[in-house]
Every structure is written in C-alpha cells, then in structure tokens.
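Taking our numbering as reference, the numbering of the sequence shown is continuous, increasing by one, and the terminal residue is 607.
Working notes for the structure below.
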Amino acid sequence: MKKISRMWQTIALAVCVCSVLTLNAQAGYLYVLNTQSGAQSRIYGFAADAETGALTALPGFPYTTGNIGTGALNSEMMAVDSERLRLYVLNDGPDTLSVYSIDPSTGAIAELPYSPLPLPSATWCTVAVHPSGSPVIVGGTSGTGIANSFFFANDWAFPVAGSPFAIGSANPYSSTFSPDGGYYYAGGFSLSTTFAGLGVDAATGSLSLLPGSPYNSGGARPTGFSMDNQGRLYSADQSGRLRIFTTTDGVPSPVAGSPFPSLAGSIDTVLHPDGEFLFVTGRTVNQLQAFRISGSGDATVPQATSTVATGGLYPSVVTIARSGRLLFVGNTLGRNVGTVGFDPGTGQLTLLGSLPASTIGTSGAVVGMALFEAVAPPPPPSQTPAERVQAMVDTISSYDPPLQRGIARALIAKLESVLVAIETDDLDDARSELRAFMDHLNAQSGKHVPADAAAELLAAAESLLAALEPAE
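Below, the structure is given as structure tokens:
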C-alpha cells in the first residue's frame, strides 16, 4: 500500500484529528510503565476503544526496556507527543531518558538511535513535553530541586546549556507546561510545600526562574499540576486539598477560597479538553473525582459533581481522551488500569471496566501512563469541498496494491454522488451521501480496506461533513 500521508497534501481539513484505526472504534494507544527495584522496567501497550474504553493488549508488548528500576512509587515517568509520534520514558535507576518512535498504524514502539539520553546522577521523577515538541524537561532532586532540559530537532537531541537548572527547595515529583509553552511548573517530592515556576525559551530550551520562585503552595506535597487556557494553575496535595492559582506573567497567586476539599491522598489532576471540568485521583481512597470549574480569575470555584471507584488500588495517574468522554486511571499498586466514562452534560463519572489486577506486571508498580491519539498533518489552505471529494477519489484509485475492484467502485460511486450533490448545491443530499460513504468505509475497515487507509479517509470525510453543516 502506498503511503497514505500524501493525501493530506491535497485534502483541506477543518478538523485535524484522526484515529489510527476505524474512527468510531479506536481512541488510540495507551502505554503503561511498570518498574520494580532491581528488575528491568517494562512498557505495556493497549489499543483503546473510543466508545467503550475497552483495552486490548497490543502485539509485541510488554516491551522490556533494559533499564533497572528503583521501586519508587512515582507516577509521571512517561510522556507522549502524539503529533511527533514520540514516547518518552524516564529511567531513574540508570539516570537516563529513553525516546521511542510510535508506529501510528500498529502502536509498536522502537527506540531511536540517540536514545537513551544521559542524565546527571539524581532522583528523577517526572518528564513533560513542551507543546511544540521541544524542549522535553525532566524534573528531580539532588538534595535540592533540578530540571534537565533537552532540545529536540528532527532526528537529534542534546541537553540544553545550563542543565540541570537549579530550582531551589521545589523538588519535582510532578510537572506541567502552560498551554502556550511559556512556563513550566514543578514540585511535590517528599513533604515539601513549595513548587517552582520557570520561564521557558522554546527556541533554545533554556529555563529561568520566575520572580519569587519557588512558591509556597500552602500544603504538603503539591502534585498533579495542570494549567488551563485562562492561565489558572491547578494542584492537588496529600492532605486532600485542591489548590487553584491565577497567574500573571507566570507568577501564581491563590484564588479566593483556595484550597478546596478534594479526595484523601489527592495526587494527580487532568483537565477536560474544554476546560470546564477538572479530575482528581485520590490514591488512599481508590477513587476519581470530577469538579466543574465555574467563575474566572480570583472568583474561580470548583464544584464536585461526582466520584467513582477506579477499579484498583492506589490510583496515581490519570489521562483523558480528546473526546472528553473517556478517562484512563493507572492504579499504582493494583498494577492495572481503570476505564472511566464521563458525561459532560451531567458531570457524571462511570466506571466502565478495569483490567484485572496485576495485568501491568505481577510485581512492582505502575509509575507512568500516556495516551497516544494520532494527529493529522495540518491542511493546505483554500480548497473547495468539490476538490476535497475529488482528492479522496484520486487517493482510492491510486492504492498499490489496489483495492478489490468492487469495493473501490462502490466507494468511488458514493463519493461521485457527493460531488454531484455539491455541484447542484444540494447540501442535505451531499451530507447524506457522505454519511453513506463513511458507513461503507467503516464496514470494510480492516477487511477489504486496510485499517490505516480507512482511518485517514474517514478523517477526511468527517472533516468535510463538518464543513458542509449549515452555519448556525
């Protein structure tokens, strides 16, 4: 089969998100890291169903990394860059950062030639990826807090001059970037109450402490850092409190009423894609809690909407699908993953299922988890709906080896019906014919049409369907 990516050079998309298998069946790939003292770390890989959240083990996993673990109960030892097809794994024992490429059609990973990247001797706990893909920052402690910044470009990487950067009493256990990548926050190791704020120069990867950093969070062990597009910084602490800060030029100030009651043993947070909800794990009560975020600025208020069991012991890490309707919770000591459904209309959480205990290793602990969801290349500008349909027709006709003649003829016939409807300005009929094309393609995905080809065609059709919807 010829590479499908060239189709994106001729199809304009309004929405640049696609899945790697059938769009209505595949959310992405979930990677989970197990480490234990004195043994090699292992990466477990699963395909995630977009409707049910069901997890199916990927072939070739678990993947043995060759790095010996320490047994520390960390939770942010893994990060993913879906756009650049990269998986990052922090190895505290050998003090390295491993970098893997991700095959978007199978979920398979392969370590890159320059990996692993060496780190100074320290206790390393958290890795975070800049929104642009570079730098990648690793946080840890060597008596005091440090952050090691790596600059990435094409097929090479190197530590940024000045690494590791000293960040004072804020010893990183958890970290996050601001959505625009201009700031980095970290803290939470041991019982420290402080966290650091740093400015980030994305062009060089260099870091600089913000005025007043490190900051007193007001509670022991601030972790689970998340930041929204309004510049509000969220953090949980082990006393069962949720802390919210506004920021001015990156410098945080607690909002009125902060801290707010949360789950006992709160350790990790994740924001809903629309920013209206925040989710917090409580590892001493084995639960996940949802908060609706109302107000703005200093008047921001979180309102708990629901709580649900996570299907395992000591939930320490949570991630959310782009749809906003599925969350995956890593249960550190249960060594399994719980899948939780979320209804943004009601704020209700529902446990959809969980892997059996000790699926992620018969010993050790879950210390990292990352969800990969494929991202389509950005579209070229100024292409008409008719041109986009014709591009899909041309793509189907160009497959090598070709699709079965009957399958190709049926798919192209439906697209030609879409084209006729567009040219006669019958958009209702165009949408109907396009849905028929998508239904047919879904039915043939993985059968007579390779799954990766079907996924990309479906993404193009989904985008075109949205573009043909009447303006509100």
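Glycine included, every Cβ here is placed at the ideal spot set by N, Cα and C.
#### Entry: beta strand (DSSP E) runs wholly inside the segment 487–565, at least 3 long, in chain order
Within the segment 487–565, the complete beta strand (DSSP E) runs of at least 3 residues are 500–507.
### Task
Quickly, what does DSSP pair Gln-483 with across the bridge? List them, please.
Start at 1 with the first residue of the sequence shown, and residue 483 comes out as number 348. According to DSSP, which records beta bridges pairwise, Gln-483 is partnered with Asp-478.
### Message
Taking 8 Å as the limit between beta carbons, can you name the residues of its chain near Ala-257, skipping five residues before and five after?
### Response
Here residue 257 corresponds to residue number 122 of the sequence shown, with the count starting at 1. So the qualifying residues of the chain are Asp-230, Gly-275, Thr-276, Ser-277, Ile-281 and Pro-299.
### Query
Identify the residues that DSSP records as bridge partners of Pro-450: which are they?
In the sequence shown, counting from the first residue as 1, residue 450 sits at position 315. In the DSSP output, where bridge partners are listed per residue, Pro-450 has Asn-466.
### Task
Can you give me the start and stop residues for the alpha helix (DSSP H) that Ser-304 sits inside?
Against the sequence shown, residue 304 aligns to sequence position 169. It is not in any alpha helix (DSSP H) - Ser-304 carries neither H nor E in the DSSP assignment.
### Neighbour-count burial assignment, Phe-312, 16 or more Cβ in a 10 Å radius
The sequence position of residue 312 within the sequence shown is 177, counting from 1. A residue is called buried once 16 or more other Cβ atoms fall within 10 Å of its Cβ, and Phe-312 is buried on that count.
### Query
Within 7 Å: the Cβ of Glu-508 and any heavy atom of the ligand ATP?
Absent from the structure shown: the ligand ATP. Ligands present: none.
### Task
Kindly indicate which residue of Val-390, Gly-359, Phe-426 and Thr-339 has the alpha-carbon position closest to the one of Ser-267.
As a first step, residue 267 must be located in the sequence shown, where it is residue number 132. The residue from Val-390, Gly-359, Phe-426 and Thr-339 with its alpha-carbon nearest to that of Ser-267 is Thr-339.
### Query
Are the CB atoms of Ser-429 and Gln-422 nearer to each other than 8 Å?
To locate residue 429, count along the sequence shown from 1; it is residue 294. To locate residue 422, count along the sequence shown from 1; it is residue 287. In this structure, Gln-422 does not lie closer than 8 Å to Ser-429 by Cβ.
### Task
Kindly indicate which three-state DSSP category Asn-421 falls into: helix, strand or coil?
Counting from 1 along the sequence shown, the entry for residue 421 is found at position 286. Correct three-state label for Asn-421: coil.
#### Entry: CA-to-CA distance, Val-420 to Ser-341, given in whole angstroms
Looking up residue 341 in the sequence shown gives position 206. Looking up residue 420 in the sequence shown gives position 285. When only Cα atoms are considered, Ser-341 and Val-420 end up about 39 Å apart.
### Query
Hey, Arg-378 and Ser-352: beta-carbon distance below 8 Å or not?
Working through the sequence shown from its first residue, we reach residue 378 at position 243. Working through the sequence shown from its first residue, we reach residue 352 at position 217. Arg-378 is a Cβ neighbour of Ser-352, given a cutoff of 8 Å.
#### Entry: Ala-492 to Pro-357 span [Cα, whole Å]
Translated into the one-based positions of the sequence shown, residue 492 becomes position 357. Translated into the one-based positions of the sequence shown, residue 357 becomes position 222. Per the coordinates, the alpha-carbon of Ala-492 lies some 28 Å from the alpha-carbon of Pro-357.
### Cα-Cα separation between Gly-581 and Phe-196, rounded to whole angstroms
Walking along the sequence shown from the start, residue 581 turns up at place 446. Walking along the sequence shown from the start, residue 196 turns up at place 61. CA-CA distance, Gly-581 to Phe-196, rounds to 21 Å.
### Task
Classify Pro-536 as buried or exposed, calling it buried when 16 or more other Cβ atoms lie within 10 Å of its own Cβ.
For the purposes of this step, residue 536 is identified with residue 401 of the sequence shown, where counting begins at 1. So Pro-536 ends up on the exposed side.
### Task
With distances taken Cα to Cα, identify the nearest neighbour of Met-527 among Thr-440, Gln-483 and Leu-593.
Taking the sequence shown and counting its residues from 1, one reaches residue 527 at position 392. For the residues Thr-440, Gln-483 and Leu-593, the minimum Cα distance to Met-527 belongs to Leu-593.
### Query
Under the rule that 16 or more other beta-carbon atoms within 10 Å means buried, what is Ala-160, buried or exposed?
For this step, residue 160 is matched to residue 25 along the sequence shown. Residue confidence for Ala-160 is low, a pLDDT of 45 falling below 50, so the modelled location carries little weight; the figure read from the coordinates is stated next. Counting Cβ neighbours within 10 Å, Ala-160 comes out buried, since at least 16 surround it.
### Task
With DSSP as the reference, label Gln-438 as helix, strand or coil.
Counting from 1 along the sequence shown, the entry for residue 438 is found at position 303. Three-state result, Gln-438: strand.
### Query
Whose CA, out of Ala-590, Gly-503 and Phe-412, lies closest to the CA of Pro-450?
Start at 1 with the first residue of the sequence shown, and residue 450 comes out as number 315. Per the C-alpha coordinates, the member of Ala-590, Gly-503 and Phe-412 positioned closest to Pro-450 is Gly-503.
### Task
Using DSSP bridges, identify the partner residues of Thr-404.
On the sequence shown, position 269 is the one that residue 404 refers to. According to DSSP, residue pairing for Thr-404 in a beta bridge involves Val-415.
### Query
What did DSSP end up calling Phe-395 once you bin it into helix, strand or coil?
The residue given as residue 395 occupies position 260 in the sequence shown. Three-state DSSP puts Phe-395 in a strand.
### Query
Using 8 Å as the threshold, is the segment 224–241 in touch with the segment 307–326, meaning 3 or more CB pairs across them?
Taking 8 Å as the limit for Cβ pairs, the verdict is that the segment 307–326 does not touch the segment 224–241.
### Message
So for Asp-384, helix, strand or coil by DSSP?
### Response
In the sequence shown, counting from the first residue as 1, residue 384 sits at position 249. Secondary structure of Asp-384 (DSSP, three-state): coil.
### Query
Skipping 5 residues on each side, what residues in its chain have a beta carbon closer than 7 Å to that of Pro-394?
For the purposes of this step, residue 394 is taken as residue 259 along the sequence shown, with counting starting at 1. Within the same chain, Pro-394 has close Cβ partners Gly-353, Gly-354, Arg-376, Leu-377 and Arg-378.
### Query
When the Cα of Tyr-164 is compared with those of Ser-172, Gln-171 and Ala-189, which residue comes out closest?
Sequence index remark: in the sequence shown, residue 164 carries index 29 (1-based). For the set Ser-172, Gln-171 and Ala-189, the Cα lying nearest the Cα of Tyr-164 is the one of Ala-189.
### Query
DSSP three-state call for Gln-171: helix, strand or coil?
Position 36 of the sequence shown holds residue 171. In this structure, DSSP gives Gln-171 a state outside helix and strand, which the three-state scheme calls coil.
#### Entry: Strand pairing of Gly-204, partner residues [DSSP]
Here the question's residue 204 lines up with position 69 in the sequence shown. DSSP lists Ser-172 as partners of Gly-204.
#### Entry: Cut-off 6 Å between Cβ atoms - residues of its own chain near Leu-603, not counting five sequence neighbours on either side
In the sequence shown, the residue the question calls residue 603 occupies position 468. For Leu-603, where only same-chain residues beyond five positions count, the Cβ hits under 6 Å are Leu-562, Ala-565 and Arg-566.
### Task
Would you identify the three-state DSSP class for Asp-363, choosing helix, strand or coil?
Here the question's residue 363 lines up with position 228 in the sequence shown. Judged by DSSP in its simplified three-state form, Asp-363 adopts coil rather than helix or strand.
### Message
Tell me which residues share the same chain as Asn-364 and place their Cβ nearer than 7 Å to its Cβ, disregarding the 5 neighbours each side in the sequence.
### Response
On the sequence shown, residue 364 is found 229 positions in, with the first residue counted as 1. Excluding positions up to five away in sequence, the list reads Pro-314 and Gly-410.
#### Entry: Residues that Tyr-223 bridges to, as DSSP identifies them
Start at 1 with the first residue of the sequence shown, and residue 223 comes out as number 88. Partner(s): Ala-214 and Val-234.
### Task
To the nearest angstrom, report how far apart Arg-418 and Leu-550 are at their CA atoms.
Indexing the sequence shown from 1 puts residue 418 at position 283. Indexing the sequence shown from 1 puts residue 550 at position 415. Cα-Cα distance, rounded: 51 Å.
### Task
Reducing DSSP to helix, strand and coil, say where Asn-608 ends up.
Outside the displayed range of the chain (136 to 607) lies residue 608, so it cannot be described from this structure.
### Candidates Val-405, Arg-427, Gly-496 and Thr-519, of which the one nearest Phe-463 by Cα
Position 328 of the sequence shown, counted from the start, is the residue given in the question as residue 463. For Phe-463, the closest C-alpha among the options Val-405, Arg-427, Gly-496 and Thr-519 is that of Val-405.
### Query
Would the beta-carbon of Ile-547 fall within 8 Å of that of Val-584?
As a first step, residue 547 must be located in the sequence shown, where it is residue number 412. As a first step, residue 584 must be located in the sequence shown, where it is residue number 449. Taking 8 Å as the Cβ cut-off, Ile-547 and Val-584 do not qualify as a contacting pair.
#### Entry: Residues near Ser-431 in its chain [Cβ-Cβ closer than 8 Å; skip 5 each side]
Within the sequence shown, the letter at position 296 stands for residue 431. Excluding five sequence positions before and after Ser-431, the CB atoms of its chain that fall closer than 8 Å to its own CB belong to Gln-365, given in chain order.
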